[in-house]
Amino acid sequence: MSTIPPGLARVPNSLRSQLSLSSINKSQLALLQVQEQLSTARMVNRVSDDPVRAALIGVLDDKLDRSVQRSRNISHAQAALGEADNALAEINDLGLSAQEIASNMVGTGFSSGDRAAQATIVQSILDGMLSQATRQSAAGYILGGDQPGQNPIQHFRGGYRFTARGNGIVTDINLGRSVPITLGGTNPVGSTSGRVKGDVDFNPDLTAGTRLSDLSGGRGLGVSLGTLEFSFNAGTKVQVDLTGADTADDITKRLNQAIRAYETTNSVTVLGPGGVSVSGAGFSVDVVAGGSLQFSEVAGGVTAQDLGLTAAVPFAFTSATPSGVDLNAKLTWTTPVSAMTGLGGALGTIRVKNVGGFADVDLSGATTLQDIRNRIEGTNLGVRVVINDAGTGIDVLNEVAGTRAMAMSIEEVSGNTSTATRLGIRSFSGTTQMSDFNDGRGVRIIDGVIDPTTGTATTLLNSDLSITLGDGASTVIAIDLTPADMTTVQTVLTAMNAQIAAQLATAGLAPGDCSVGLAADGNGLVINQNAAFASPVSVGQLNNSQAAADLGLMGGAYDSTSSSFVGTDTATVRVDNLFTHLIDLRDALNANDTSGIALASEGMSANLDRLTEVRGLVGGYQQRVDSAQQLEEDQTLVDTSVRSDLRDVNYAEAATRLSQLQAQLTAGYQSSSATLTRTLLDFLQ
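Start counting at 1 in the sequence shown, then tack on 40, and there's your number in the numbering used here.
Okay, here's the thing in structure tokens:
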């Protein structure tokens with residue numbers, strides 16, 4: 041209310057007017073604020089209304105805005121995962137139907153016509169599975185991996201090619217948690233075969249263009265850049281800031297510049313003509329004769345160690361010791377072939393076979409690893425080249441599920457210095473696991489058979505195959521393979537050659553008259569004999585052992601020009617997924633092959649078990665999303681309630697204040713009117 045303070049007795053009229061006007065203005069402003077609060081339903085409409093409340097409201101607004109986006113993510117994830125689960129359920133039902141057909145048809149009482157009719161049904165199951173595998177959800181193709189916008193499975197040269205990459209895209213659902221909403225290549229429906237894993241460490245040298253992020257570093261923990269220091273002949277230490285350097289060339293330039301500046305300032309010569317450079321696997325420093333250049337860390341730093349310029353036990357660069365620590369550069373697509381010391385020489389030609397075709401790939405002109413990749417993938421045979429997880433070599437993946445005749449192999453081409461082997465990607469090499477033969481079934485041998493007469497295991501009853509030489513006596517060599525021999529191709533070759541050598545000696549033949557090795561051109565085992573022997577080499581089974589067939593020797597042929605028996609390749613690479621086994625089942629039914637039907641059924645059973653695990657994983661993701669939705673709703677409710685307490689107006693309280701302020705303003709007008717009309721004469725009466 042507008043009043044004149046009692047402490048003021050005689051006052052000028054202007055002061056009285058100002059006081060009255062100020063009081064009325066305050067009342068009007070308060071009334072305006074209440075009216076604004078009632079019209080907007082908010083207690084705080086701007087920061088100046090209440091800075092503390094406004095700050096808290098801003099935080100809650102931000103949380104609620106992000107909550108809206110997370111709620112969209114959750115809804116999106118629920119739709120995508122629901123669609124994925126439905127598709128996987130349909131695929132599972134199709135697989136079970138095919139398995140039921142296999143279980144029925146493997147028995148007796150069915151004709152070739154009956155099985156051929158079922159093969160037509162299996163083909164329709166294949167078509168249905170392709171339809172479900174290329175199903176789309178709100179996130180794109182459910183099997184699209186990291187590229188859900190691209191069709192992941194396509195018909196390719198009579199097979200089914202899976203081209204998705206990565207493990208799938210993920211979505212944020214709250215508190216740093218995320219779930220995948222598409223599936224990648226590690227599933228039994230669409231997958232690739234990674235069996236041709238490079239077994240050669242390319243051990244690339246450091247080059248000027250090598251990025252520091254691609255180095256394991258002197259401590260094996262990468263490279264952490266900062267400031268280091270150096271001293272010459274134990275003199276004053278000079279600091280060098282390497283922050284922001286990107287490549288090895290950046291490091292050499294900065295160090296050379298700093299050391300040359302030191303030379304100028306101190307009138308000394310530290311570096312020879314080579315300066316700081318890259319050499320071999322690390323940095324090299326050309327120090328003048330009699331000089332000693334030592335790098336060290338600035339307190340708390342690790343840059344010098346990470347760059348291999350010092351170590352836990354410090355060392356100095358001299359003319360006799362110019363090399364730094366090995367930095368273990370990782371393999372990248374830009375790595376020059378010339379820097380890959382593990383290759384051991386120039387590259388030649390390799391042969392790639394897949395989907396029933398082949399291509400001889402000339403790698404002699406490749407200058408980088410990317411060139412090697414492009415030339416192999418450029419064959420358009422459905423193969424993919426990737427750098428292995430360790431960053432030391434390459435793997436070759438078969439992307440196409442097809443028939444056994446369409447399986448992948450990587451072979452040597454005669455006269456090309458074993459290029460495929462030196463690249464570590466020959467599919468039939470000394471390091472190939474025996475468990476990988478025959479689509480993962482391995483090689484079956486006879487072992488542990490007991491002679492009923494002697495009660496002991498004898499070589500005669502446990503021999504697996506025979507080699508009949510072409511000499512005049514038709515010498516027969518028996519091979520007894522044991523479980524200990526069945527590790528790799530090399531262990532088998534070692535065991536066979538040892539037994540051949542012993543039996544050659546017993547037969548009075550020379551040690552080199554017979555040996556077993558790998559084909560120089562193509563893949564497979566090769567039995568070589570003395571070129572003077574007139575008759576061809578032949579291979580036979582012993583004791584009903586399947587070893588000769590599983591090793592590819594029963595399907596081989598004698599080559600008179602090289603006096604050798606060349607076996608077939610039984611270590612080819614196939615994709616292990618449902619498409620492959622459905623194709624095998626279809627072909628086995630058409631061929632009236634009951635053993636093939638049984639094998640296809642076993643493969644489907646294993647993949648259906650994997651499919652069940654994937655469905656369980658998807659179900660787990662769905663539960664996580666549902667839990668996140670409930671948590672998000674609860675959190676949103678709490679945040680909304682708190683924000684309402686801070687921001688929203690209490691209508692009853694505001695209406696009461698409005699009434700009070702209106703009365704106060706009216707009284708102010710009346711009081712001002714009464715006091716401002718009085719004059720000095722009113723007081724003199």
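A virtual CB, placed ideally from N, CA and C, is assigned to each residue, including glycine.
- Message: Going by C-alpha to C-alpha distance, which of 197, 151, 127, 139 sits closest to residue 177?
- Response: Scanning 197, 151, 127, 139 for the CA closest to the CA of residue 177 turns up 127.
- Any chance the stretch 672 to 692 sits against the stretch 99 to 113, with 3 or more Cβ pairs inside 8 Å? By the C-beta criterion, the stretch 672 to 692 is judged to be in contact with the stretch 99 to 113, since at least 3 inter-stretch pairs fall below 8 Å.
- Message: Suppose only complete runs of 4+ residues qualify. What are the alpha helix (DSSP H) ranges in the stretch 583 to 649, listed by chain order?
- Response: If we require 4 residues or more, the alpha helix (DSSP H) runs fully inside the stretch 583 to 649 come out as 587 to 590, 618 to 630.
- Message: Spatial neighbours of residue 664 within its chain, please: C-beta separation below 8 Å, excluding the five flanking residues on both sides.
- Response: 213, 217, 219.
- Would you check if the distance between the CB atom of residue 591 and the CB atom of residue 483 is smaller than 9 Å? In contact: residue 591 and residue 483 (Cβ atoms closer than 9 Å).
- Message: Using 8 Å for Cβ pairs, my map puts residue 658 next to residue 125. What's the rounded Cβ distance?
- Response: So it is a contact: roughly 5 Å between Cβ atoms.
- Query: Under a three-way DSSP split, which group does residue 101 fall into?
  - Reply: Looking at residue 101 - three-state DSSP - the assignment turns out to be helix.
- With residue 390 and residue 460 assumed to form a contact (beta carbons below 8 Å), what rounded beta-carbon distance in angstroms separates them? Approximately 4 Å separates the beta-carbon atoms of residue 390 and residue 460; this is inside 8 Å, confirming the contact.
- the stretch 264 to 273 in contact with the stretch 281 to 298 per 3-pair CB rule at 8 Å: A contact exists between the stretch 264 to 273 and the stretch 281 to 298.
- Message: Can you look up residue 426 in the DSSP assignment and give me helix, strand or coil?
- Response: Residue 426: strand per DSSP, three-state reduction.
- Answer yes or no: the CB of residue 527 versus the heavy atoms of the ligand NAP, is any distance below 8 Å? Of ligands this structure carries none, so the ligand NAP is not represented either.
- Closer than 8 Å by C-beta to residue 210: which residues in its own chain qualify, once you throw out the five before and the five after it? Chain order, please. Excluding sequence neighbours, residue 210 sits near 218, 219, 220, 221.
- Between which two residues does the beta strand (DSSP E) containing residue 337 stretch? From DSSP, the beta strand (DSSP E) with residue 337 extends over 333 to 337.
- Task: Pull up the distance between the alpha-carbon of residue 236 and that of residue 603, whole angstroms please.
- Result: If I take the Cα positions, the gap works out to 31 Å.
- Item | Under 9 Å between C-beta atoms of residue 207 and residue 234 | It is not a contact, given that the beta carbons lie outside the stated cut-off.
- Query: Hey, out of 456, 241, 583, whose CA is closest to residue 518's CA?
  - Reply: With distances taken between Cα atoms, residue 518 lies closest to 583.
- Query: Since residue 564 and residue 608 are thought to touch, with beta carbons under 8 Å apart, how far apart are those beta carbons, to the nearest angstrom?
  - Reply: Their Cβ separation, rounded to whole angstroms, is 6 Å, which keeps residue 564 and residue 608 in contact under 8 Å.
- C-alpha distance - residue 264 paired with residue 660, whole-angstrom precision: A direct Cα-Cα distance of roughly 39 Å separates residue 264 from residue 660.
- Message: Output needed for residue 405: all residues of its chain with C-beta closer than 8 Å, excluding positions within five of it in sequence on either side, in chain order.
- Response: Excluding the 5 residues flanking it on each side, residue 405 has same chain C-beta neighbours closer than 8 Å at 411, in chain order.
- Please name the residue, chosen from 641, 670, 706, that lies closest to residue 136 on a Cα-to-Cα basis. Among 641, 670, 706, the Cα nearest to that of residue 136 belongs to 641.
- Query: Are there 16 or more other CB atoms within 10 angstroms of the CB of residue 42, so buried, or fewer, so exposed?
  - Reply: Summary for residue 42: the model assigns pLDDT 46, below 50, so the residue's position carries little reliability, and this model does not support an answer.
- Segment limits, beta strand (DSSP E) that includes residue 197: No residue range can be given for residue 197, since it is assigned to no beta strand (DSSP E) and is classified by DSSP as neither H nor E.
- Query: Between which two residues does the alpha helix (DSSP H) carrying residue 303 extend?
  - Reply: Segment 288 to 306, the alpha helix (DSSP H) holding residue 303.
- Just confirm the distance between the C-beta atoms of residue 509 and residue 569, as a whole number of angstroms; I'd bet it's less than 8 Å. About 5 Å separates the two Cβ atoms, so the contact holds.
- Query: For residue 121 versus residue 662, is the C-beta distance shorter than 9 Å?
  - Reply: Yes. Within cutoff.
- Take residue 557 as the anchor and find which of 68, 532, 256 has the nearest alpha-carbon. Residue 532 is the option with its Cα nearest to residue 557.
- Message: Please report the distance separating the alpha-carbon of residue 231 from that of residue 99.
- Response: Using only the alpha carbons, I get a separation of about 46 Å.
- Query: Which residue's Cα is closest to the Cα of residue 308: 196, 328, 104?
  - Reply: Nearest of 196, 328, 104 to residue 308, Cα basis: 328.
- Message: Taking a contact to mean a Cβ-Cβ separation below 9 Å, would you say residue 359 touches residue 312 in this structure?
- Response: Closer than 9 Å, so yes.
- Closest to residue 317 by CA distance: which of 334, 331, 291 is it? Across the set 334, 331, 291, the C-alpha of 291 shows the shortest separation from the C-alpha of residue 317.
- Task: Could you please give the first and the last residue of the uninterrupted beta strand (DSSP E) stretch that includes residue 479?
- Result: Counting along the chain, no beta strand (DSSP E) covers residue 479; the unbroken alpha helix (DSSP H) around it starts and ends at 477 to 480.
- Query: Which residues share a DSSP beta bridge with residue 251?
  - Reply: Residue 251 pairs with 287.
- DSSP on residue 393, reduced to helix/strand/coil? In this structure, residue 393 counts as strand in the three-state DSSP scheme.
- Message: By the DSSP assignment, the alpha helix (DSSP H) with residue 160 in it spans what residues?
- Response: Boundaries of the alpha helix (DSSP H) around residue 160: 152 to 173.
- Could one say the Cβ of residue 244 lies closer than 9 Å to chain D's Cβ atoms, at least one of them? Of the chains in the structure shown, none is chain D; there is only one protein chain.
- Message: Quick check on residue 485: buried or exposed, where buried means 16 or more other Cβ atoms within 10 Å of its Cβ?
- Response: Burial call: buried.
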